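Q: Heads up, the sequence shown is in my numbering, so the first residue is 141 and it goes up one at a time.
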Amino acid sequence: MKLVWSPERALQAYLDTVKSCEVSQEPSVAEVVSAMAAGWNAGLIVETWLPGGEIATSIGLAVAAHHTGGRHICIVPDEESREEYAEGMRRSGRSASETIVGDAEEAMNGLEGVDFLVVDCKGNNEFGRVIRAAKLGERGAVLVCTNASSRAGSDFRWSSVLDGRSRLFVRCFCRWEKGWM
Numbered sequence: 141m142k143l144v145w146s147p148e149r150a151l152q153a154y155l156d157t158v159k160s161c162e163v164s165q166e167p168s169v170a171e172v173v174s175a176m177a178a179g180w181n182a183g184l185i186v187e188t189w190l191p192g193g194e195i196a197t198s199i200g201l202a203v204a205a206h207h208t209g210g211r212h213i214c215i216v217p218d219e220e221s222r223e224e225y226a227e228g229m230r231r232s233g234r235s236a237s238e239t240i241v242g243d244a245e246e247a248m249n250g251l252e253g254v255d256f257l258v259v260d261c262k263g264n265n266e267f268g269r270v271i272r273a274a275k276l277g278e279r280g281a282v283l284v285c286t287n288a289s290s291r292a293g294s295d296f297r298w299s300s301v302l303d304g305r306s307r308l309f310v311r312c313f314c315r316w317e318k319g320w321m
């Protein structure tokens, strides 16, 4: 069995994320990531979130989980970050998703069957560590790195972290600037 694309579900999640985030003119990573997660019918959606991070992507992932009937889990580094994340979700009119406080790599060890993984790489280089620790779904997985520098994307080697153990459908580095992704 493998992940199967549903354009209808992707479109609905995209539109609902636009409404939820009240995006006025240009789309952002949130809408694209939401559409990807819903379109691939991800059952377990996991994200890492850092203090001061963009909450729109989290909103989009929560919207996607609603459309797929899946779980959305957010991993934050500490209790202060959890409170900031929860407050950001509340301000958007959503309740905070399931939240795990602690090291992202350690938290990934306790999660089985990750279908969709979003890692915030702002200010650190933990993308490879988190992916190595992830127990990806048997149907395959979609891996996304947000806030990546162009250098990080060009230096990164997917084969160095996956070791042929998983089916990978989509992998991308998202660096959204003035309409460029």
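Glycine included, C-beta positions come from ideal geometry on N, C-alpha and C.
Computed from a prediction, not measured in an experiment: that's the story for all the values here.
Determine the DSSP secondary structure at L190, reduced to helix, strand or coil.
A: The residue labelled residue 190 in the question sits at position 50 within the sequence shown. Coil, per DSSP.
Q: In three-state terms, what does DSSP make of R231?
A: As a working note, residue 231 is residue 91 in the sequence shown. R231 falls in the helix class under three-state DSSP.
Q: Quick one: is G104 buried, meaning 16 or more other Cβ sit within 10 Å of its Cβ, or exposed?
A: Residue numbering for the chain in the displayed model covers 141 to 321; residue 104 lies beyond these limits and cannot be assessed.
Q: Quick one: what does DSSP say A236 is sitting in, helix, strand or coil?
A: As a working mapping, residue 236 is identified with position 96 in the sequence shown. Coil, per DSSP.
Q: Span of the beta strand (DSSP E) holding V258?
A: As a first step, residue 258 is located in the sequence shown; it is residue number 118 there, counting from the start. Where V258 is concerned, the enclosing beta strand (DSSP E) stretches over 256–260.
Q: Which one of S174, V270, I240, I199 has the shortest CA to CA distance from V259?
A: Numbered from 1 along the sequence shown, position 119 holds the residue referred to as residue 259. The shortest Cα separation from V259 among S174, V270, I240, I199 belongs to V270.
Q: Quick one: grab the DSSP three-state call for G268.
A: For the purposes of this step, residue 268 is taken as residue 128 along the sequence shown, with counting starting at 1. The answer is helix: DSSP assigns G268 an H, G or I state.
Q: Quick one: Cα of A288 to Cα of E194, how far?
A: Within the sequence shown, residue 288 is the residue found at index 148, counting from 1. Within the sequence shown, residue 194 is the residue found at index 54, counting from 1. Answer to the nearest angstrom: the Cα atoms are 14 Å apart.
Q: Comparing alpha-carbon positions, which option in T286, S198, D156 lies nearest S237?
A: Counted from its first residue, the sequence shown places residue 237 at position 97. Nearest C-alpha to S237: S198.
Q: Taking Cβ to Cβ, would you say Y154 is nearer than 8 Å to S174?
A: Numbered from 1 along the sequence shown, position 14 holds the residue referred to as residue 154. Numbered from 1 along the sequence shown, position 34 holds the residue referred to as residue 174. Yes; because the gap between Cβ atoms is below 8 Å, this pair is in contact.
Q: With burial defined as no fewer than 16 other Cβ atoms inside 10 Å of the residue's Cβ, what is the status of S164: buried or exposed?
A: Taking the sequence shown and counting its residues from 1, one reaches residue 164 at position 24. In this prediction, S164 has a pLDDT of 47, which is less than 50 and means its spatial position is unreliable; nothing more can be read from the coordinates.
Q: Between S146 and A182, what straight-line distance do the alpha-carbon atoms span, to the nearest angstrom?
A: As a position in the sequence shown, residue 146 is number 6, starting the count at 1. As a position in the sequence shown, residue 182 is number 42, starting the count at 1. Going by the C-alpha atoms only, they are around 11 Å apart.
Q: Taking V282 as part of the beta strand (DSSP E), name the residues at either end of that continuous run.
A: Walking along the sequence shown from the start, residue 282 turns up at place 142. Counting along the chain, the beta strand (DSSP E) containing V282 begins and ends at 281–286.
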